[in-house]
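Q: Got a structure here, written out as structure tokens. Questions coming.
Residue numbers (the numbering used here), protein chains in the order written: chain A, 78 to 512; chain B, 78 to 512.
See below:
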């Protein structure tokens with residue numbers, strides 16, 4: 078990716094830190110060097126091999142072709158967190174926020190939490206389609222096979238499907254770990270099943286079967302996603318690269334007390350990407366330290382969207398000056414250009430915008446914001462995305478995933494587990510069992 | 078509102094703090110006691126009189142009836158920040174996230190920032206409607222009349238309108254300050270114009286012409302919004318009330334070093350409400366102190382949505398334990414109930430959910446999360462919304478607005494201005510002028 082990455086934090090890493098990163102890079106390289114066909118997935122770092130695994134694309138494409146024969150009108154992705162955030166991020170980035178409003182086929186819907194209002198609306202829409210003899214495809218995604226929200230939504234939607242399709246089993250694709258109870262059920266019912274490599278965790282799984290099946294099904298070029306991700310892996314393993322520099326910038330800022338890391342993205346349709354990143358960071362870093370569980374890593378990811386949030390939280394960032402390090406993401410070249418025509422009847426309103434393009438306005442706001450951050454001496458980094466396309470997104474998301482592994486090492490936490498998530502699950506289960 | 082507000086922070090306010098709040102309450106009472114018809118809007122606190130101003134509803138309703146005669150297919154709200162966040166919040170809360178997907182009439186679209194990709198999609202959709210002889214109505218909302226994003230979008234969309242409607246001026250409603258350049262333009266062009274009371278700032282304006290016109294136009298009961306808001310004003314002015322208790326809880330936590338305030342809402346369709354609150358807090362509190370500009374108020378609002386973010390940032394909140402105070406919002410009674418049928422073929426998946434309602438699952442997750450927060454000794458408050466309806470939303474949003482005034486007093490900042498937002502505007506203007 079031709080990326081401008083201008084790191085303002087210029088601290089030189091100490092010997093100790095350089096050593097930590099060399100160590101981590103060696104582990105990554107070892108994992109990477111093992112790649113062959115079929116890929117090996119025997120370490121926590123295994124996700125870096127996913128984009129090199131041609132068997133995934135092959136498997137996924139085969140099922141896509143098979144299910145396309147059913148002339149599907151709508152795809153419903155049932156999954157939560159790591160099981161749907163990456164898919165949602167890439168879909169919104171490439172197809173925009175008004176994709177369904179344009180009556181594109183297949184339309185796509187997401188069912189993540191168990192909100193009765195949202196679910197009621199979704200059921201109404203889907204039932205209406207089924208009544209009109211349109212076909213829907215359910216893709217249920219859960220690594221463990223036991224996520225309560227996902228199973229709840231699946232129960233509700235499978236029941237709807239059964240009402241209208243005698244051969245309903247053809248209209249389901251399950252994505253889960255091999256031998257999970259869901260996998261066993263799918264085998265027993267003769268339902269199509271995709272398996273996620275066991276050691277590829279939810280938040281690192283977007284380029285596996287988890288993301289590629291639904292994305293490929295709605296026509297996104299999944300090969301280009303992989304190409305971008307592959308190039309990012311190779312770049313991240315070079316000595317002194319932008320991924321390491323980015324991780325160091327965040328880490329140094331955190332050591333200096335900037336405990337909030339704000340991803341400030343200047344593109345509406347990348348809000349989903351921001352939410353994906355927030356999960357990646359929150360679950361990877363926010364936990365007790367490996368060798369000192371009394372101490373915690375509290376680096377807190379937040380998300381702002383430009384220019385909307387200039388009218389929302391920028392007063393706080395520039396006036397309150399909270400302990401925030403910012404990573405700006407800008408778009409170098411938009412896929413669309415819209416010109417503001419000159420119009421005499423409107424000149425009294427604002428004469429600086431007439432004759433310009435909307436793209437120029439957006440750029441001016443972006444660079445105006447950065448100038449204001451500089452004047453207030455805020456610490457930040459800039460990522461310029463050359464264009465919003467499959468290659469760039471593959472590159473950027475893979476970069477962030479590897480950066481998180483480096484940050485895990487720097488912060489002295491295990492970036493692959495999420496032990497405290499079990500706390501609420503345990504309490505929820507207790508309530509459900511006694512209800 | 079029958080609200081359970083269980084404040085865990087139990088610190089007793091000191092004499093000094095009690096005095097501060099008494100002082101602020103007196104100002105609010107004085108503003109409130111002045112209410113008469115027409116309402117007086119001569120202080121910064123004036124927004125508390127808005128829900129008592131029957132002339133607003135009257136004016137707005139007259140224009141709604143007039144414009145409904147044009148058989149409008151789609152309403153486009155053009156505005157950013159305080160000009161659209163409240164409208165978006167209430168629309169999403171009541172109509173749900175899949176309103177447009179259900180082909181309801183009028184459909185509603187929002188144009189806030191100047192994102193070329195989003196705008197291109199919006200233009201395609203609207204042009205398609207216009208070509209098919211469907212009518213659209215533009216509601217441009219900007220208090221100052223000069224917001225660059227809003228004027229850019231207005232230029233682009235008015236041009237589209239002109240292409241298809243000879244009498245395009247009928248299809249525009251302007252909402253702005255009296256005598257702004259936009260107001261003067263509207264008068265000159267003979268375009269319908271609604272005026273916002275000058276001292277009612279953007280983030281406090283949702284129950285004025287700003288929010289009521291678009292909300293009333295799409296069929297939301299704006300009288301009930303006002304009733305709820307009125308009851309909240311009256312409750313907030315009583316001695317020792319929940320609004321003051323809530324403000325004190327947040328303030329005490331902030332004094333104890335909990336600089337992040339997370340609004341954790343357990344309802345998908347209230348994400349917009351959370352974004353509205355984030356703006357309300359960010360712009361009201363994040364700034365230099367009144368009598369000591371070297372010191373800043375850094376209280377940082379964040380937003381989490383349950384149960385989605387249990388799979389995202391809850392690991393951080395429960396494992397990293399960042400300095401976060403949480404306000405939970407739960408729904409006491411959902412407007413919809415969905416039952417999970419018992420199904421033998423699915424029993425191998427999860428037998429604790431069969432036969433339950435989706436509502437019970439959502440409740441179990443909500444209370445399970447609170448139990449986990451308690452076990453990790455996190456500080457939090459709970460707001461239970463009796464139901465998602467106009468009255469509750471009016472009550473809750475007005476409560477939050479008054480709470481922000483009390484917080485401004487406690488934190489020693491002016492909760493009504495946003496001086497540092499000018500910093501980026503100045504830089505953007507410089508770039509646009511020299512481009």
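The beta carbon of each residue, even a glycine, is placed where N, CA and C say it ideally should be.
Just so you know, these numbers come straight off a predicted model, no measurement behind them.
For residue 403 of chain B, I'd like the list of residues in its chain whose CB is within less than 6 Å of its CB, leaving aside the five on either flank, ordered along the chain.
A: Your numbering for residue 403 of chain B matches position 326 in the second chain. Here the set comprises 339, 341, 457.
Q: Going along the chain, which unbroken runs of the alpha helix (DSSP H) with 4 or more residues stay wholly within the region 343 to 418 of chain A?
A: Counting only runs of 4 or more, we get 348 to 362.
Q: Residues in its own chain within less than 7 Å of residue 129 of chain A by CB, not counting five upstream and five downstream?
A: The sequence position of residue 129 of chain A within the first chain is 52, counting from 1. Counting only Cβ-Cβ distances below 7 Å, and skipping sequence neighbours, we find 112, 116, 307.
Q: Is residue 304 of chain B helix, strand or coil when you go by DSSP?
A: Looking up residue 304 of chain B in the second chain gives position 227. DSSP places residue 304 of chain B in helix when its eight states are reduced to three.
Q: State the DSSP-derived secondary structure class of residue 167 of chain B, mapped to helix, strand or coil.
A: What you label residue 167 of chain B is simply residue 90 of the second chain in a count that begins at 1. Three-state result, residue 167 of chain B: helix.
Q: Is any beta-carbon of chain B found at less than 8 Å from that of residue 201 of chain A?
A: On the first chain, residue 201 of chain A is found 124 positions in, with the first residue counted as 1. Yes - at least one Cβ of chain B is within 8 Å of the one on residue 201 of chain A.
Q: Since residue 392 of chain A and residue 360 of chain B should fall inside the 8 Å C-beta cutoff, what is the C-beta to C-beta distance between them, to a whole number of angstroms?
A: Indexing the first chain from 1 puts residue 392 of chain A at position 315. Indexing the second chain from 1 puts residue 360 of chain B at position 283. With 8 Å as the limit, residue 392 of chain A and residue 360 of chain B qualify as a contact, their Cβ atoms being about 4 Å apart.
Q: Which same chain residues end up closer than 6 Å to residue 432 of chain A when comparing Cβ atoms and leaving out the 5 residues on each side of it in sequence?
A: What you label residue 432 of chain A is simply residue 355 of the first chain in a count that begins at 1. Same-chain partners within the cutoff: 419.
Q: Report yes or no: do three or more beta-carbon pairs, one from the region 268 to 284 of chain B and one from the region 224 to 240 of chain B, lie closer than 8 Å?
A: Contact between the region 268 to 284 of chain B and the region 224 to 240 of chain B is absent, because fewer than three Cβ pairs lie under 8 Å.
Q: Comparing alpha-carbon positions, which option in A:315, A:397, A:197, A:372 lies nearest residue 396 of chain B?
A: Counting from 1 along the second chain, the entry for residue 396 of chain B is found at position 319. Nearest option by C-alpha distance: A:372.
Q: Is the separation between the beta-carbon of residue 375 of chain B and that of residue 363 of chain B shorter than 8 Å?
A: Counting from one through the second chain, the residue named residue 375 of chain B turns up at place 298. Counting from one through the second chain, the residue named residue 363 of chain B turns up at place 286. Their beta carbons are under 8 Å apart, which means residue 375 of chain B touches residue 363 of chain B by this criterion.
Q: If you draw a straight line from the C-alpha of residue 435 of chain A to the C-alpha of residue 417 of chain A, how long is it?
A: The residue you call residue 435 of chain A lines up with position 358 of the first chain. The residue you call residue 417 of chain A lines up with position 340 of the first chain. Taking the straight line joining both Cα atoms gives about 7 Å.
Q: So, for residue 331 of chain A: in the same chain, excluding its five sequence neighbours on each side, which residues have a beta-carbon less than 8 Å away from its beta-carbon?
A: Within the first chain, residue 331 of chain A is the residue found at index 254, counting from 1. Excluding residues within five positions, the ones whose Cβ falls inside 8 Å are 338, 376, 402, 488.
Q: Can you name the residues of chain A whose CB is closer than 9 Å to the CB of residue 444 of chain B?
A: Position 367 of the second chain, counting from 1, holds the residue named residue 444 of chain B. 504, 505, 508, listed in chain order.
Q: Pull up the distance between the alpha-carbon of residue 103 of chain B and that of residue 109 of chain B, whole angstroms please.
A: In the second chain, the residue the question calls residue 103 of chain B occupies position 26. In the second chain, the residue the question calls residue 109 of chain B occupies position 32. Each residue's Cα considered, the two are about 10 Å apart.
Q: Of the residues A:219, A:121, A:204, A:176, which one's Cα is nearest the Cα of residue 158 of chain A?
A: Indexing the first chain from 1 puts residue 158 of chain A at position 81. With distances taken between Cα atoms, residue 158 of chain A lies closest to A:219.
Q: Buried or exposed: residue 278 of chain B, going by 16 or more other Cβ atoms within 10 Å of its Cβ?
A: To locate residue 278 of chain B, count along the second chain from 1; it is residue 201. Buried, because 16 or more other Cβ atoms sit within 10 Å of the Cβ of residue 278 of chain B.
Q: Taking the beta strand (DSSP E) that residue 275 of chain B falls in, what are its first and last residues?
A: By one-based count along the second chain, residue 275 of chain B stands at place 198. Unbroken run through residue 275 of chain B: none, as it is neither H nor E.
Q: Can you tell me which of A:258, A:421, A:448, A:499 puts its alpha carbon nearest to the alpha carbon of residue 499 of chain B?
A: For the purposes of this step, residue 499 of chain B is taken as the residue at position 422 of the second chain. Ranking A:258, A:421, A:448, A:499 by Cα distance to residue 499 of chain B puts A:448 first.
Q: Which chain B residues are close to residue 323 of chain A, counting only those with a beta carbon under 9 Å from its beta carbon?
A: Stepping through the first chain from its first residue, residue 323 of chain A is reached at position 246. Simply none; closest approach about 20 Å.
Q: Let me know if residue 229 of chain B comes out buried or exposed under the rule of 16 or more other beta-carbons within 10 Å of its beta-carbon.
A: As a working note, residue 229 of chain B is residue 152 in the second chain. So residue 229 of chain B ends up on the buried side.
Q: Distance check for residue 314 of chain B and residue 106 of chain B, CA to CA, integer angstroms please.
A: Counting from one through the second chain, the residue named residue 106 of chain B turns up at place 29. Counting from one through the second chain, the residue named residue 314 of chain B turns up at place 237. Their Cα atoms are separated by approximately 7 Å.
Q: Leaving out the 5 sequence neighbours to the left and right, which residues in its chain are closer than 6 Å to residue 173 of chain B when beta-carbon positions are compared?
A: Sequence index remark: in the second chain, residue 173 of chain B carries index 96 (1-based). Result list for residue 173 of chain B: 346, in chain order.
Q: Does the Cβ of residue 285 of chain A have 16 or more other Cβ atoms within 10 Å, making it buried, or fewer, making it exposed?
A: Counting from one through the first chain, the residue named residue 285 of chain A turns up at place 208. Its Cβ being crowded by 16 or more others within 10 Å, residue 285 of chain A is buried.
Q: Does DSSP classify residue 490 of chain A as helix, strand or coil?
A: Start at 1 with the first residue of the first chain, and residue 490 of chain A comes out as number 413. Residue state, collapsed to three classes: coil.
Q: Which two residues bound the contiguous alpha helix (DSSP H) that contains residue 151 of chain B?
A: Here residue 151 of chain B corresponds to residue number 74 of the second chain, with the count starting at 1. That residue, residue 151 of chain B, is in no alpha helix (DSSP H); its beta strand (DSSP E) goes 149 to 155.
Q: Do residue 287 of chain B and residue 474 of chain B count as a contact pair if the criterion is CB distance below 8 Å?
A: As a working mapping, residue 474 of chain B is identified with position 397 in the second chain. As a working mapping, residue 287 of chain B is identified with position 210 in the second chain. In this structure, residue 287 of chain B does not lie closer than 8 Å to residue 474 of chain B by Cβ.
Q: I need the DSSP call for residue 194 of chain A, collapsed to helix, strand or coil.
A: Stepping through the first chain from its first residue, residue 194 of chain A is reached at position 117. In this structure, residue 194 of chain A counts as helix in the three-state DSSP scheme.
Q: Do residue 121 of chain A and residue 477 of chain A count as a contact pair if the criterion is CB distance below 8 Å?
A: Within the first chain, residue 477 of chain A is the residue found at index 400, counting from 1. Within the first chain, residue 121 of chain A is the residue found at index 44, counting from 1. The answer is no: Cβ separation not under 8 Å.
Q: Excluding the 5 residues preceding and the 5 following residue 410 of chain B in the sequence, name in chain order all residues of the same chain whose CB lies nearer than 8 Å to its CB.
A: Here residue 410 of chain B refers to the residue found at position 333 when the second chain is read from its first residue. Same-chain partners within the cutoff: 463, 464.
Q: Can you tell me which residues form a DSSP beta bridge with residue 461 of chain A?
A: Counting from one through the first chain, the residue named residue 461 of chain A turns up at place 384. DSSP output for residue 461 of chain A lists A:407 as bridge partner(s).
Q: Check for me: the alpha helix (DSSP H) holding residue 435 of chain A runs from which residue to which?
A: The residue given as residue 435 of chain A occupies position 358 in the first chain. 435 to 452 is the span of the alpha helix (DSSP H), which, as asked, contains residue 435 of chain A.
Q: Below 8 Å on the Cβ atoms is my guess for residue 408 of chain B versus residue 460 of chain B; work out the distance and round it to an integer in Å.
A: For this step, residue 408 of chain B is matched to residue 331 along the second chain. For this step, residue 460 of chain B is matched to residue 383 along the second chain. Actually they are not in contact, since the Cβ atoms of residue 408 of chain B and residue 460 of chain B sit about 10 Å apart, beyond 8 Å.
Q: Tell me, please, whether the CB atom of residue 88 of chain B is closer than 8 Å to any CB atom in chain A?
A: As a first step, residue 88 of chain B is located in the second chain; it is residue number 11 there, counting from the start. Cβ-Cβ to chain A under 8 Å: no for residue 88 of chain B.
Q: Express the C-alpha separation of residue 100 of chain B and residue 169 of chain A in angstroms, rounding to a whole number.
A: Counting from one through the first chain, the residue named residue 169 of chain A turns up at place 92. Counting from one through the second chain, the residue named residue 100 of chain B turns up at place 23. So the alpha carbons of these two residues sit roughly 49 Å apart.
Q: For residue 352 of chain A, which residues from the same chain have a beta carbon less than 8 Å from its beta carbon, with the 5 sequence-adjacent residues on both sides left out?
A: On the first chain, position 275 is the one that residue 352 of chain A refers to. Counting only Cβ-Cβ distances below 8 Å, and skipping sequence neighbours, we find 162, 165, 166, 380.
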